[in-house]
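Residue numbers (the numbering used here): 62 to 277.
Worksheet: the structure to be examined is printed underneath.
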């Protein structure tokens, strides 16, 4: 069983109240909605499931594990370089680096951890290792937090009602658990990759979108 203080810490780190600015990023969803690719709850659920299973969700889980298991500063730097190289657009790079830097600043100060500036999933993995939280606990919570943030964006953009938003989250919780287990037992960085090309293109298109609420 995960110790209660660690569980509460994880909940704090991955809650919408933690000051990483997650609310300001849509991961390209804003352009997908404006382009008519996502128009309702079913369409959003399909989009989010693909991003989780075949895109950034899966990759972030792999990077989190690698950051957690890094044995040296060189290992951690290599993992972080991989995370940066995977970003398919300038805004997606901003999304992971800005959130990571914000997470590091707050977490290092409050918990007195020795954390360098890292991309978001790598930073969460490293911080979790430093306080002794198991990967089997942090991975599904991180993925669920990722899905929750994009669901919040969808509620504002589609627009999606709160009940439908929570219904989508509940439906995708088993997928988050499955992806967490796969990342835990998989081959590691060699398994990185994605095939969510339309979501990646949406993130690129968003960079020049005329009217925007979100930073990505």
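Idealized CB from N, CA, C, for every residue including glycine.
CA-to-CA distance, residue j to residue i, given in whole angstroms
i, j, result
"residue 265", "residue 156", "13 Å"
"residue 241", "residue 96", "32 Å"
"residue 134", "residue 259", "35 Å"
"residue 123", "residue 152", "21 Å"
"residue 67", "residue 203", "14 Å"
"residue 170", "residue 176", "10 Å"
"residue 188", "residue 196", "11 Å"
"residue 246", "residue 277", "31 Å"
"residue 224", "residue 216", "10 Å"
"residue 280", "residue 98", "In the structure displayed, the chain extends from 62 to 277; residue 280 sits before or after that span and is not available."
Beta-carbon gap between residue i and residue j smaller than 8 Å
i, j, result
"residue 179", "residue 128", "yes"
"residue 200", "residue 125", "yes"
"residue 198", "residue 83", "no"
"residue 218", "residue 102", "no"
"residue 174", "residue 208", "no"
Residue i - DSSP class collapsed to helix/strand/coil
i, result
"residue 88", "coil"
"residue 273", "coil"
"residue 100", "coil"
"residue 219", "coil"
"residue 227", "helix"
"residue 266", "helix"
"residue 180", "coil"
"residue 257", "coil"
Buried or exposed by the 16-neighbour rule on C-beta atoms within 10 Å, applied to residue i
i, result
"residue 269", "exposed"
"residue 131", "buried"
"residue 146", "exposed"
"residue 116", "buried"
"residue 87", "buried"
"residue 254", "exposed"
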